[in-house]
Structures are given as structure tokens and as C-alpha cells.
């Protein structure tokens with residue numbers, strides 16, 4: 023595990039923001055962190071990055087306790103916590119150089135990460151002239167500065183317009199494809215589903231569920247695929263007999279089938295072989311379904 | 083550590099507020115010097131009257147040294163205020179602007195960051211006083227000329243020009259150390275809160291109240307006077323005593339250092355345990 027939290031607990035006054043939270047983030051995973059507003063996501067992330075001291079428990083990054091070792095445990099970590107704020111009266115490049123100087127990062131990486139985040143041409147401009155999307159990209163640039171193995175991103179697309187959100191999302195996907203472990207909290211469930219391999223959901227500071235997205239969907243009977251066929255009853259009978267089909271029911275003239283991604287081709291072949299015409303196969307399951315089933319429809323993500 | 087100090091100086095240099103002190107001095111000093119040029123006869127007469135019967139004064143005793151000596155006597159509220167404008171921002175501004183969310187997640191200890199901020203504040207403080215010396219002594223010597231320095235506050239002391247330069251340098255060096263105590267106090271307040279105005283008000287409030295207490299001739303206040311750090315601000319004045327009371331200077335600087343260490347200690351304790359929620 024690249025990152026673990028052990029019985030992490032934090033209270034603000036009488037309110038318990040995080041309660042006995044245990045998480046395990048495997049190396050190379052893109053880990054989504056979901057929960058309603060006020061569920062303790064930001065507090066957890068701030069404890070992971072040494073911004074907040076837990077009352078109990080600890081965060082372990084690459085075997086080093088953040089609480090015992092302080093910021094030295096964050097050597098291989100890049101973080102962007104909520105909005106990216108910089109010295110606005112200084113240029114993006116100067117801001118990054120200052121951060122590089124802090125932890126002895128090679129100065130040549132400054133231009134590298136500026137180019138990487140699409141800010142290469144604007145590096146010499148003052149941050150106050152940047153759009154919110156550019157500032158957020160600069161935030162990701164600073165997180166990448168020390169060539170981290172683990173990237174912790176707290177609501178990185180917050181406050182961005184659709185274009186800005188797309189820019190940041192594309193960048194995160196690109197980084198994930200390079201094998202950097204990413205721990206990300208986001209309001210956008212479809213985005214998390216697109217880019218994350220794992221997810222954890224918390225509510226009122228407590229862990230509700232965690233694991234691989236596909237496993238969670240399968241276990242919760244939410245891994246559904248809509249199949250349009252010409253002989254509905256026959257198809258239901260045929261599919262219900264298969265061990266790898268979790269469930270199969272007809273709704274109007276459409277089948278709703280609980281089937282893993284790896285068995286979809288097999289399912290279509292089976293139907294066709296039995297003279298059932300398949301006109302459409304539409305994956306219908308979303309993380310939102312899982313989220314709502316776990317945390318309730320009242321929750322605001 | 084040098085890299086961190088470099089960073090902090092870049093931030094100070096980049097903030098317009100840091101220039102208020104320099105602009106203020108650049109406006110105030112020429113005005114004072116202009117006033118001295120046009121009112122020097124009157125001041126000269128006052129001095130001669132004070133010395134009357136004891137000395138025969140030939141020529142003008144009013145020069146850049148005496149002007150600087152008088153200026154230093156009058157700026158003990160203004161200079162701390164100008165210093166707090168930068169010192170108040172040093173920690174609090176990073177908190178309120180969300181900069182700590184970036185800097186404190188890097189693999190650098192909070193203590194190192196805090197020390198670098200304090201040292202940068204000290205450098206700013208020294209720069210401000212050196213700028214003050216540049217105007218009063220540097221420009222003042224061009225406008226008013228130089229010569230012997232005659233002070234009459236602690237008895238009559240006459241210093242020749244070469245001695246006057248040395249005493250002035252010592253005096254400014256001591257003034258820098260005094261003002262570093264003010265900067266540390268403001269720095270402590272800056273570490274306690276998340277806005278820059280609070281530290282400025284807190285520091286000036288403490289200094290003014292302390293001066294007021296020292297000015298009240300009541301036994302109770304006289305008893306607490308030794309515990310007020312502003313009581314030792316006048317250490318720069320010892321540079322103009324003959325012989326220079328090194329023991330007294332050392333004692334006063336020691337006490338001021340203890341206060342500074344205490345202020346910084348509180349800042350460290352608070353900052354290391356501070357939850358960054360903004």
C-alpha cells in the first residue's frame with residue numbers, strides 16, 4: 023500500500039469530523055474519495071498532507087507515519103488541496119521556483135511541469151492574470167514538481183467552468199495512465215467513474231464502503247446492462263440459467279442484466295446463437311447508483 | 083534555509099505594503115531635513131542657550147549628526163508601525179491567502195519555514211532602519227554638513243566627527259536590534275491569527291500602552307516597569323554615553339533577546355500545532 027490511514031479520528035469541538043477511518047490505497051490505483059458535503063473528505067485529506075493533526079490514529083505513506091515524521095513523510099507526495107492559491111503578484115514560474123527551492127527540487131523541472139500542464143507560454147505572467155482554470159493547472163503543476171509517486175487532489179475541478187474542468191480531467195487521466203497513484207476527491211461521480219479504479223465513500227466521517235469500483239458494483243447488484251432483444255421472455259430464461267449472470271429481468275421490451283464487463287461479449291454470442299436478435303447493448307450502471315444506494319438520495323455529494 | 087529566506091524576501095519585495103515604510107521615510111525625511119535647514123538657526127540658538135556660560139560656541143553646531151540624533155528621538159512610534167506593516171503579513175497573509183495549503187504540504191518542516199519567515203522579517207527591519215540612516219546621515223550630511231556632535235541629554239558630550247560616525251553606526255545597529263524585538267512581537271501575533279491587521283493593531287497597542295504605563299508616575303506602575311520590554315528600547319541612546327556602557331548595553335540587549343525568544347517560542351508552539359483549515 024502506498025497510503026494507509028489507521029483509525030484516523032479528528033474532532034472540531036463536539037463535532038466528530040472523521041471517525042476511526044481506515045483506508046488502504048494500493049500503488050498505481052486511481053482512488054476516488056466520495057461523500058456528501060461535510061462528510062469529512064477534506065479533513066481526511068488535510069490529515070494525509072500534514073495540514074491538520076489527527077486526534078487519534080495515523081496516516082502512513084510508503085511506510086512512514088506522517089504524524090511521527092512530519093513533512094518528511096511527504097517526500098514523494100504531490101498535493102493540491104481545493105483551490106490553487108499562489109502569490110498572485112508573482113509569476114507562475116517564480117511561484118514554482120520558490121516551491122522548488124523549498125525542498126531542493128531540480129529547477130529544470132519548473133519549465134517541464136509548466137509545459138506539461140499547458141502553461142509553458144504563460145509561465146512569466148503574473149498569477150493574477152491567470153484564469154481560474156489556469157491557476158488550477160498551476161496547482162497541479164506544483165503538485166507534480168517533485169516528481170511524486172502519489173498525487174493527492176482535493177476537489178481539483180471545483181469552481182471551474184466546463185472547459186476548465188475538461189482540461190483538468192484530461193490532465194489527471196494522462197497522469198493516471200503513466201502509473202502515478204492518484205487519490206482524488208471530487209463532486210463529479212461520472213468523472214470519478216471514468217478515471218478511478220477504486221473508490222471509498224464516507225459519510226459523517228465514517229467509511230461506508232471501499233474497494234474496486236467494479237467489485238463494489240457487482241457486489242451491490244448494480245452492475246447492470248440494458249439489452250434490447252426481439253424475444254424477451256426467451257432471453258430472460260436463457261440468461262437466468264447462466265452462472266455468470268447475477269440477475270436478469272425484463273422491463274417493457276428491454277432486459278436489465280447484471281453482468282460483469284468481461285462477460286458481455288459472451289452474453290451477446292449466447293443470445294445470437296439461440297436465435298435471439300440483439301439490437302442494442304447499453305451499460306446502464308453508474309457510480310451514482312452505487313453512491314445513492316449507499317448514502318441515500320438525500321445526500322448532496 | 084538560505085533558499086527559504088530567499089523565497090520570503092521575494093514575497094516581501096513583491097508586496098506593495100512593504101514599500102509603505104520606505105515611501106513614508108522618503109517623504110518624512112526630506113521634510114524633516116528641509117525643516118532643519120530652515121529652522122537650524124533657531125535650534126542652534128536653543129542649544130547655545132543650554133550650553134550658555136559653560137562654552138563659547140564658534141560656528142554652527144547643527145549638522146547631520148545632531149539632526150539624526152534628534153530624528154531618532156522622535157521616531158519611536160513611527161518606525162515600529164512601519165515595521166509591523168511587513169511583519170504582520172509574514173505568517174498571517176499566507177494563511178488567509180491559502181498559500182499554506184501549498185507550502186505546508188511539501189517535504190519541508192514547519193519550523194524551518196517559520197524561522198525563514200522571521201529572518202526575512204529581520205532583514206526587512208534592518209533594511210528599513212538602514213534606509214532611515216541613509217536619509218538622515220547620508221543625505222543629511224550633504225544638506226547640513228558634518229562636524230562635531232554635541233549632546234546635552236546625559237550631561238554635555240562632545241564627540242569629534244570620526245567618533246560621531248562610529249557612535250551613529252553603533253546607535254543604528256542597536257536600534258535595528260531593538261526593532262527586531264518589535265518585529266518578533268508582531269510576528270508572534272501574525273502566527274496566532276489569519277489576518278494581517280490584527281498583528282499590527284496588537285503590536286502597536288502593546289507598545290503604546292507600555293509607553294503610557296511608563297509615563298504614569300505611580301508606584302504600582304513603576305514596579306511593573308522593569309517587565310515592560312519597551313523600557314529597554316532606549317539602548318540605542320547608550321551609544322552616545324561616554325564611556326560607552328557596554329555592560330548596560332549587553333544587559334538591555336539580553337533582556338530584549340529573552341523577550342524575542344519568548345515571542346518566537348510562542349509563535350513556534352502555535353504554528354507547529356496549527357490546523358490549516360483555510
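Residue numbers (this note's numbering), protein chains in the order written: chain R, 23 to 323; chain S, 83 to 360.
We put the beta carbon where it would ideally sit given N, CA and C, even for glycine.
Computed from a prediction, not measured in an experiment: that's the story for all the values here.
(message) Counting only Cβ pairs nearer than 8 Å, list the residues of chain S close to residue 107 of chain R.
(response) 179, 180, 181, 183, 184
(message) Which residues in chain R have a C-beta closer than 7 Å to the C-beta of residue 358 of chain S? List them in chain order.
(response) 68, 73, 74
(message) Tell me the rounded alpha-carbon separation between residue 322 of chain R and residue 111 of chain R.
(response) Residue placement at residue 322 of chain R is poorly supported in this model, since its pLDDT is 46, which falls under 50; the coordinates still yield a value, given next. Rounded to the nearest angstrom, the two C-alpha atoms are 36 Å apart.
(request) Note down the Cα distance separating residue 281 of chain S from residue 329 of chain S, rounded to an integer number of angstroms. (result) 33 Å
(request) Identify every run of the beta strand (DSSP E) within the segment 27-70 of chain R, keeping only runs that are complete inside it and at least 3 residues long; order them along the chain. (result) 37-47, 52-56
(request) Use the C-beta contact count for residue 318 of chain S: other C-beta atoms within 10 angstroms, 16 or more gives buried, fewer gives exposed. (result) buried
(request) Take every Cβ of the segment 61-68 of chain R, pair it with every Cβ of the segment 224-231 of chain R, and state whether three or more of those distances are shorter than 8 Å. (result) yes
(message) Rounded to the nearest angstrom, what separates residue 89 of chain S and residue 154 of chain R at their Cα positions?
(response) 24 Å
(message) Between R/309, R/84, R/260, which has its C-alpha nearest residue 296 of chain R's C-alpha?
(response) R/260
(request) Consider the Cβ of residue 144 of chain R: report whether some Cβ of chain S lies at a distance smaller than 9 Å. (result) no
(request) Round the Cβ separation of residue 218 of chain S and residue 150 of chain S to the nearest angstrom and send it over; I've been treating them as touching at under 8 Å. (result) 4 Å
(request) Compare the C-beta of residue 316 of chain S with all C-beta atoms of chain R and state if any pair is closer than 9 Å. (result) no
(message) Short of 7 Å in beta carbon distance, which residues of its chain neighbour residue 320 of chain R, apart from the five on each side in sequence? Order them along the chain.
(response) With a pLDDT of only 44 at residue 320 of chain R, under the threshold of 50, the placement of this residue in the model should not be trusted; the figure read from the coordinates follows. Cβ within range, chain order: n/a, list empty.
(request) Measuring alpha carbon to alpha carbon, tell me which of S/179, S/252, S/287 ends up nearest residue 322 of chain S. (result) S/252
(request) Would you mind giving the Cβ-Cβ distance between residue 163 of chain R and residue 141 of chain R, rounded to the nearest angstrom? I have them listed as a contact below 8 Å. (result) 6 Å
(message) With H, G and I counted as helix, E and B as strand and the rest as coil, what does DSSP make of residue 228 of chain S?
(response) coil
(request) For residue 158 of chain R, count neighbouring C-beta atoms within 10 Å of its own C-beta (all shown protein chains included) and say buried if the count is 16 or more, exposed if not. (result) buried
(request) State the beta-bridge partners of residue 148 of chain R as determined by DSSP. (result) R/113
(message) DSSP three-state label for residue 106 of chain R, please.
(response) coil
(message) Counting only Cβ pairs nearer than 9 Å, list the residues of chain S close to residue 104 of chain R.
(response) 180, 183
(request) Helix, strand or coil for residue 213 of chain S, going by three-state DSSP, please let me know. (result) helix
(message) What would DSSP say about residue 304 of chain S, mapped onto helix, strand or coil?
(response) helix
(request) Measuring alpha carbon to alpha carbon, tell me which of S/288, S/223, S/265 ends up nearest residue 243 of chain S. (result) S/223
(message) Going by DSSP in three states, residue 23 of chain R sits in which element: helix, strand or coil?
(response) coil
(message) Using only the alpha-carbon positions, how far apart do residue 38 of chain R and residue 79 of chain R sit?
(response) 14 Å
(message) Using only the alpha-carbon positions, how far apart do residue 335 of chain S and residue 206 of chain S sit?
(response) 20 Å
(request) Could you tell me whether any Cβ in chain R is nearer than 9 Å to the Cβ of residue 86 of chain S? (result) yes
(message) Whole angstroms are fine: how far does the CA of residue 272 of chain R sit from the CA of residue 258 of chain R?
(response) 7 Å
(message) Cβ closer than 8 Å: which chain R residues qualify as neighbours of residue 167 of chain S?
(response) Within chain R, no residue comes near residue 167 of chain S; the closest Cβ sits about 16 Å away, beyond 8 Å.
(message) So residue 164 of chain R contacts chain S; which residues on that side make the cut at Cβ distance below 8 Å?
(response) 184
(request) Consult DSSP for residue 240 of chain R and reduce its assignment to one of helix, strand or coil. (result) helix
(message) Tell me which residues of the segment 228-244 of chain S have at least one Cβ-Cβ distance to chain R shorter than 7 Å, keeping chain order.
(response) none
(request) Whole angstroms is fine: what's the gap from residue 339 of chain S's alpha carbon to residue 248 of chain S's? (result) 24 Å
(message) Only counting the same chain, and skipping five residues up and downstream in sequence, which positions put a Cβ closer than 6 Å to that of residue 246 of chain S?
(response) 147, 231
(request) Give the single residue among S/97, S/94, S/177 whose Cα lies nearest to the Cα of residue 276 of chain S. (result) S/177
(request) Assign residue 315 of chain R to one of two classes, buried (16 or more other C-beta atoms within 10 Å of its C-beta) or exposed (fewer than that). (result) exposed
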